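Colleague: This is the structure I want to talk about, given as C-alpha cells.
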Amino acid sequence: MAFNIELLIILLFSIVGGVLAVRFKQPSVLGLIIVGAIVGPNALGLISDTSLINAAIEIGAVLLLFTIGIEFSLKRLFNLGLRSIVIAVLKLGLVFLLSYYTALLFGFGFVTALFIGVIISITSTVIFLKILDQKGFAGRDEIPLLIAILIIEDIFGIFALTFFSSLKANGVLEPLNILTSLLISLVILLVAYLVLLRILKPIINWLIKYRTEDTFTFVSLGLLGIMTYIAIVLKLSPSVGAFLAGNIVASLPEAKNFEKSIHPFILTFTALFFFSIGTIVDFSVIFSSIFLILALFIVNILSKFFTIGFGSYLFSNYTGKQAVFAGVAMLSVGEFSLLIAKEAGSLAGIDLVSITAGIILLSSFAMSVSIANYKKIHSSLDAIIPAKLVKSVKYTSNFLNSISLSMVTNKVNARRIAQEWKTILNNIFSLFIILTAGFFIWNLYSEILVEFLKSRFILNIIIFLTAIAIFLPALNIVRNVKHLLGDILTFFTRLSPKEKLSERKIFTSFIFIIVFFLFLLIFPGISLLIRINPVFHIVVPILILGILIHAFRCSSLIQNIIKKRGQVINNFSKRYKLLFKKQLKQQNSTRLR
Numbered sequence: 211m212a213f214n215i216e217l218l219i220i221l222l223f224s225i226v227g228g229v230l231a232v233r234f235k236q237p238s239v240l241g242l243i244i245v246g247a248i249v250g251p252n253a254l255g256l257i258s259d260t261s262l263i264n265a266a267i268e269i270g271a272v273l274l275l276f277t278i279g280i281e282f283s284l285k286r287l288f289n290l291g292l293r294s295i296v297i298a299v300l301k302l303g304l305v306f307l308l309s310y311y312t313a314l315l316f317g318f319g320f321v322t323a324l325f326i327g328v329i330i331s332i333t334s335t336v337i338f339l340k341i342l343d344q345k346g347f348a349g350r351d352e353i354p355l356l357i358a359i360l361i362i363e364d365i366f367g368i369f370a371l372t373f374f375s376s377l378k379a380n381g382v383l384e385p386l387n388i389l390t391s392l393l394i395s396l397v398i399l400l401v402a403y404l405v406l407l408r409i410l411k412p413i414i415n416w417l418i419k420y421r422t423e424d425t426f427t428f429v430s431l432g433l434l435g436i437m438t439y440i441a442i443v444l445k446l447s448p449s450v451g452a453f454l455a456g457n458i459v460a461s462l463p464e465a466k467n468f469e470k471s472i473h474p475f476i477l478t479f480t481a482l483f484f485f486s487i488g489t490i491v492d493f494s495v496i497f498s499s500i501f502l503i504l505a506l507f508i509v510n511i512l513s514k515f516f517t518i519g520f521g522s523y524l525f526s527n528y529t530g531k532q533a534v535f536a537g538v539a540m541l542s543v544g545e546f547s548l549l550i551a552k553e554a555g556s557l558a559g560i561d562l563v564s565i566t567a568g569i570i571l572l573s574s575f576a577m578s579v580s581i582a583n584y585k586k587i588h589s590s591l592d593a594i595i596p597a598k599l600v601k602s603v604k605y606t607s608n609f610l611n612s613i614s615l616s617m618v619t620n621k622v623n624a625r626r627i628a629q630e631w632k633t634i635l636n637n638i639f640s641l642f643i644i645l646t647a648g649f650f651i652w653n654l655y656s657e658i659l660v661e662f663l664k665s666r667f668i669l670n671i672i673i674f675l676t677a678i679a680i681f682l683p684a685l686n687i688v689r690n691v692k693h694l695l696g697d698i699l700t701f702f703t704r705l706s707p708k709e710k711l712s713e714r715k716i717f718t719s720f721i722f723i724i725v726f727f728l729f730l731l732i733f734p735g736i737s738l739l740i741r742i743n744p745v746f747h748i749v750v751p752i753l754i755l756g757i758l759i760h761a762f763r764c765s766s767l768i769q770n771i772i773k774k775r776g777q778v779i780n781n782f783s784k785r786y787k788l789l790f791k792k793q794l795k796q797q798n799s800t801r802l803r
C-alpha cells in the first residue's frame with residue numbers, strides 16, 4: 211500500500227514540478243529537480259522508498275539515453291566538418307582542465323577531481339533545446355553548429371559513462387584491470403551492436419509488412435531491453451546499451467514510426483528521471499558545499515562562454531553578436547552530468563549528485579537570463595575588449611578562412627586527406643582489436659599460457675608474431691600521419707607562395723599548440739593511473755606557457771602576412787564566408803523540414 215502511495219506522490223509532484231517551471235518560464239527539468247528534492251527523503255520525506263527511487267532513476271536514464279541514441283546523427287556531424295570537432299574539443303578540454311584543477315585546489319583527490327572535471331565539461335542537450343524553444347531562438351543560424359558540438363559531447367559522455375562504470379565495477383584503482391575489463395566489455399557490446407544492426411533490417415521489414423498497431427512500440431522496447439541487458443552483464447552502465455539501442459532504431463526502416471511509437475514512454479520516464487534524481491538531492495550538502503558549487507559554477511560559466519564564443523568567432527565566421535549568443539547558449543550542465551555523478555557513488559567520497567544538482571540549477575538559470583540579454587552582453591564586452599585583440603583574432607579568422615577555401619576548392623588534395631584519415635583510423639582500429647584480443651586471451655588463459663610459454667622456442671615465436679602484428683599498423687599510422695601533415699601544409703604554403711617560410715612557421719606552431727593541448731588533456735588520466743609524484747605537475751604550467759608562446763607567434767606571423775597580402779586573403783575569406791552561409795541555410799532548411 212505504501213508503495214502505491216509513494217508512486218502516486220511521484221506522479222503527482224512530477225506534474226507539479228513541470229507546471230511550476232513553465233509558470234516561471236524555466237525548463238521543466240529545473241522544476242522537477244527542485245520539487246523532487248523538496249518531497250524526497252532528505253527534506254519533507256514524503257518519498258522514502260529507495261528501491262522505488264532507484265528504479266525510476268534507472269528506467270528514466272535508460273530511456274533518456276535511448277532518445278539521445280535515436281537523435282544521434284553522424285551525417286549531421288560530418289556536414290559541419292572539422293570546425294565543430296575543433297570547437298567541441300577546445301570547449302570540453304578547457305572546461306575539464308579548469309574544473310579538474312579547481313577540485314584539486316579544494317583538496318579533493320585525483321578520482322574526485324576527474325569526476326568533477328567531466329561533470330562540469332558537458333553541456334545539457336535537454337536544457338539547451340528547452341530554453342531555446344521557450345525563448346523563440348530554435349531557428350537561428352547558429353543552432354546547427356551548436357547541435358553538432360552537443361553530438362560530439364554526447365559521444366564523450368557515453369565514453370565517460372563507460373569508463374566510470376568500469377571503474378566502479380573494478381572497485382579498486384588498478385589501471386591494467388580497468389583497461390582490460392573496459393576493452394573486453396566494449397568489444398563485446400560493439401559486436402552485439404553490429405550483429406543486431408546487420409540481422410534486424412530484414413526481420414523488421416517482415417514485421418512491418420504484417421504489423422499491428424503495437425509492433426513499433428514492442429520492437430523498440432525489445433531492442434532497448436536486449437542492449438541494456440548485454441551492457442549490465444558486461445558490468446557497464448545500462449545507459450550505454452540504451453544509447454546503442456537508440457542508434458540501431460534510428461538506422462531501421464521507418465525509423466520515424468519507431469521514434470513516434472516510443473515517444474510517450476520517453477516523455478514520461480525522462481520526467482520521472484529528473485524528478486527521482488531530485489529526491490536524492492540533499493539541501494544540507496548543497497549549503498555545506500556552497501563555496502565549491504559557486505567556484506565550479508563560475509569556472510563553468512567563464513570557460514564555456516569563452517571557448518564557445520571565441521571558437522565560433524575564430525573558426526565559424528560568426529559576428530560578435532553571434533559568438534556571444536553561441537557562448538551563452540551552451541552554459542547549462544545537465545543529464546549526462548547527473549548520470550556520471552550518480553555513477554560516482556562512493557568512489558568520489560562526496561555527494562556529487564547534490565553538488566551537480568546545485569550547479570545545474572545555477573547554470574540553467576544563468577543561461578536562461580543571459581540568452582535573453584545576449585545583445586546587452588555583447589555591447590558590454592565590445593566596450594571592454596581591446597580593439598587590438600579583436601583585430602588580431604579577426605586577422606587569424608580571415609587567414610583560416612582562406613585556408614578553408616583552399617581546402618574546399620582543391621578537391622584532389624581534400625580527397626587524399628580524407629583517404630589518409632580513413633587509413634589512420636583503420637590502423638588505429640586494427641591496433642585496438644589486436645590489443646583487446648591480447649588482453650582477452652591473457653585474462654582467460656593466463657595459467658595455461660604461462661606453462662605453454664616455458665618453451666623458449668615458442669616464446670620467441672609468439673613475441674616475434676606479436677611484435678609484427680603491433681609494429682605494422684603502428685608504422686602505417688606514423689607514415690600516414692606524416693603524409694597527412696604534408697598535405698595539410700600544402701594548403702598553408704599555396705595561400706601565399708612568397709610567404710612560404712612564415713606559413714611553415716605558422717603551421718608548425720599550430721601543430722605544437724595541438725600537441726601541447728592534447729598532452730594537457732591526458733595528463734590528469736596519467737596522474738590517476740600511474741600515481742605520479744605531485745612535483746611532476748610542474749609540467750602543466752610549462753605546457754600552458756608553450757601554448758601561449760606559440761599562439762602569440764602565430765598571431766604575429768599572420769599579422770605580418772596580412773600586411774603584405776591583406777587584399778588577397780580578405781577576398782578569399784569573403785568567398786569562404788559566402789559558401790559557409792549557403793551551407794548553413796541548407797542545413798537549417800533540412801532541419802526544419
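If you're matching positions, the sequence shown starts at 211 in the numbering used here and goes up one per residue.
All C-beta atoms in this analysis are idealised placements derived from N, C-alpha and C, irrespective of residue type, glycine included.
Please read all numbers here as calculations on a predicted model, not as lab measurements.
1) Alpha carbon to alpha carbon, what distance is there between Ala582 and Leu524?
2) Is Gly227 closer than 9 Å to Ser238 when the C-beta atoms are compared?
3) Check Thr517 in the structure and name its three-state DSSP category.
4) According to DSSP, simplified to helix, strand and coil, what is Gly435?
5) What does a CB cutoff of less than 7 Å around Ile280 pick up in its chain, not counting 5 residues either side in sequence?
6) With a cut-off of 8 Å, do at least 3 Cβ pairs link the segment 324-343 to the segment 255-269?
7) How long is the line joining the alpha carbons of Ser665 and Ile671, rounded to whole angstroms?
8) Who does Val543 pair with in a DSSP beta bridge?
9) Tell me, please, whether the segment 681-697 touches the segment 628-638 by the rule of three or more beta-carbon pairs shorter than 8 Å.
10) Classify Asn264: buried if its beta carbon has 16 or more other beta carbons within 10 angstroms, exposed otherwise.
11) Is the beta carbon of Leu730 closer than 9 Å to that of Leu755?
12) Check whether the segment 349-365 touches the segment 568-588, taking contact to mean three or more Cβ pairs, one atom from each stretch, closer than 8 Å.
13) Considering only their Cβ atoms, is the gap separating Ile716 from Phe727 smaller than 9 Å?
14) Please name the residue in Gly530, Glu553 and Asn780 whose C-alpha comes closest to that of Gly367.
15) Would you decide whether Asp492 is buried or exposed? Buried here means 16 or more other CB atoms lie within 10 Å of its CB.
16) On the CB-based measure, 16 or more other CB atoms within 10 Å of its CB, does Ile673 come out buried or exposed?
17) With a cut-off of 8 Å, do at least 3 Cβ pairs link the segment 484-491 to the segment 438-453?
18) Measuring CB atoms only, is the segment 333-348 touching the segment 497-508, in the sense that at least three cross pairs come out at less than 8 Å?
19) Please report the straight-line C-alpha distance between Leu314 and His760, rounded to a whole angstrom.
20) Taking its Cβ as the centre, do 16 or more other Cβ atoms sit within 10 Å of Gln777, making it buried, or is it exposed?
21) Which residues in the same chain as Ile560 place their Cβ atom closer than 7 Å to its Cβ, once the five residues preceding and following it in sequence are excluded?
22) Would you check if the distance between the CB atom of Ile332 and the CB atom of Gly544 is smaller than 9 Å?
23) Just the Cα atoms here: how many angstroms apart are Ile243 and Gly521?
24) Nearest-angstrom Cα distance between Cys764 and Ile736?
25) From Phe575, Phe374 and Leu240, pick the residue whose C-alpha is nearest to that of Val328; which is it?
26) Measuring alpha carbon to alpha carbon, tell me which of Ile569, Leu218 and Ile698 ends up nearest Ser616.
27) Whose CA, out of Leu371, Leu541 and Lys514, lies closest to the CA of Gly303?
28) Using alpha carbons as the reference points, say which of Lys604, Pro412 and Asp592 lies closest to Lys784.
29) Rounded to whole angstroms, what is the Cα-Cα separation between Ser574 and Val725?
30) Do Ala647 and Pro448 have their beta-carbon atoms positioned less than 9 Å apart in this structure?
31) What residues in its chain sit with their C-beta under 7 Å from that of Ile341, if we drop five residues either side in the sequence?
32) May I ask which residues mark the beginning and end of the alpha helix (DSSP H) holding Thr566?
33) When you compare only the Cα positions, how much space is there between Ile613 and Asn623?
34) If you reduce the DSSP assignment to three classes, tell me which class Thr606 lands in.
35) From Gly696 to Ile748, what does the alpha carbon distance come to, in whole angstroms?
Modeller: Reading it off the structure:
1) As a working mapping, residue 524 is identified with position 314 in the sequence shown. As a working mapping, residue 582 is identified with position 372 in the sequence shown. Going from the Cα of Leu524 to the Cα of Ala582 covers about 24 Å.
2) Position 28 of the sequence shown, counted from the start, is the residue given in the question as residue 238. Position 17 of the sequence shown, counted from the start, is the residue given in the question as residue 227. Going by C-beta atoms, Ser238 is nearer than 9 Å to Gly227.
3) Position 307 of the sequence shown, counted from the first residue, corresponds to residue 517. Here Thr517 sits in helix by DSSP.
4) The residue given as residue 435 occupies position 225 in the sequence shown. In the structure shown, Gly435 sits in a helix (DSSP, three-state: H, G or I).
5) Against the sequence shown, residue 280 aligns to sequence position 70. Around Ile280, the same chain offers Gly456, Val459, Ala460 and Glu469 as residues with beta carbons nearer than 7 Å, after the five sequence neighbours per side are excluded.
6) no
7) Position 455 of the sequence shown, counting from 1, holds the residue named residue 665. Position 461 of the sequence shown, counting from 1, holds the residue named residue 671. In a straight line, the C-alpha of Ser665 is about 10 Å away from that of Ile671.
8) As a position in the sequence shown, residue 543 is number 333, starting the count at 1. Bridge partners of Val543: Thr333.
9) As far as the Cβ criterion goes, the segment 681-697 touches the segment 628-638, which means the pair count is three or higher.
10) Here residue 264 refers to the residue found at position 54 when the sequence shown is read from its first residue. The residue is exposed, with fewer than 16 neighbouring Cβ atoms inside 10 Å.
11) Translated into the one-based positions of the sequence shown, residue 755 becomes position 545. Translated into the one-based positions of the sequence shown, residue 730 becomes position 520. Cβ distance not < 9 Å, so Leu755 and Leu730 don't count as in contact.
12) No, the segment 349-365 is not in contact with the segment 568-588.
13) Taking the first residue of the sequence shown as 1, we reach residue 727 at position 517. Taking the first residue of the sequence shown as 1, we reach residue 716 at position 506. Going by C-beta atoms, Phe727 is not nearer than 9 Å to Ile716.
14) Counting from 1 along the sequence shown, the entry for residue 367 is found at position 157. Checking every option, the nearest Cα to that of Gly367 belongs to Glu553.
15) Walking along the sequence shown from the start, residue 492 turns up at place 282. When all chains shown are included, Asp492 counts as buried.
16) Locating residue 673 in the sequence shown gives position 463, where the first residue counts as 1. By the neighbour-count rule (16 or more Cβ atoms within 10 Å), Ile673 is not buried but exposed.
17) With a cut-off of 8 Å, the segment 438-453 and the segment 484-491 do not count as touching, because too few Cβ pairs lie within range.
18) no
19) As a working mapping, residue 314 is identified with position 104 in the sequence shown. As a working mapping, residue 760 is identified with position 550 in the sequence shown. Going by the C-alpha atoms only, they are around 27 Å apart.
20) In the sequence shown, residue 777 corresponds to position 567, counting from 1. Answer is exposed; the Cβ neighbour count stays below 16.
21) Numbered from 1 along the sequence shown, position 350 holds the residue referred to as residue 560. Within the same chain, Ile560 has close Cβ partners Thr322.
22) As a first step, residue 332 must be located in the sequence shown, where it is residue number 122. As a first step, residue 544 must be located in the sequence shown, where it is residue number 334. Taking 9 Å as the Cβ cut-off, Ile332 and Gly544 qualify as a contacting pair.
23) Numbered from its first residue, the sequence shown carries residue 243 at position 33. Numbered from its first residue, the sequence shown carries residue 521 at position 311. When rounded, the distance between both Cα atoms is 32 Å.
24) Here residue 764 corresponds to residue number 554 of the sequence shown, with the count starting at 1. Here residue 736 corresponds to residue number 526 of the sequence shown, with the count starting at 1. So the two alpha carbons sit approximately 30 Å from each other.
25) In the sequence shown, counting from the first residue as 1, residue 328 sits at position 118. The residue with the shortest Cα to Cα distance from Val328 is Phe374.
26) Counting from one through the sequence shown, the residue named residue 616 turns up at place 406. Comparing Cα positions, the closest option is Ile698.
27) What you label residue 303 is simply residue 93 of the sequence shown in a count that begins at 1. Considering only alpha carbons, the answer is Lys514.
28) Locating residue 784 in the sequence shown gives position 574, counting from the first residue. Of the listed residues, the one whose Cα sits closest to Lys784 is Lys604.
29) Numbered from its first residue, the sequence shown carries residue 574 at position 364. Numbered from its first residue, the sequence shown carries residue 725 at position 515. When rounded, the distance between both Cα atoms is 33 Å.
30) The sequence position of residue 448 within the sequence shown is 238, counting from 1. The sequence position of residue 647 within the sequence shown is 437, counting from 1. It is not a contact, given that the beta carbons lie outside the stated cut-off.
31) Looking up residue 341 in the sequence shown gives position 131. Result list for Ile341: Pro237, Met577, Ser578 and Ile581, in chain order.
32) Numbered from its first residue, the sequence shown carries residue 566 at position 356. From DSSP, the alpha helix (DSSP H) with Thr566 extends over Leu562 to Ala582.
33) Residue numbering aside, residue 613 sits at position 403 when the sequence shown is read from its first letter. Residue numbering aside, residue 623 sits at position 413 when the sequence shown is read from its first letter. Roughly 13 Å separates the two Cα atoms.
34) Here residue 606 corresponds to residue number 396 of the sequence shown, with the count starting at 1. Residue state, collapsed to three classes: helix.
35) To locate residue 696, count along the sequence shown from 1; it is residue 486. To locate residue 748, count along the sequence shown from 1; it is residue 538. Spanning the two alpha carbons is a distance of roughly 33 Å.
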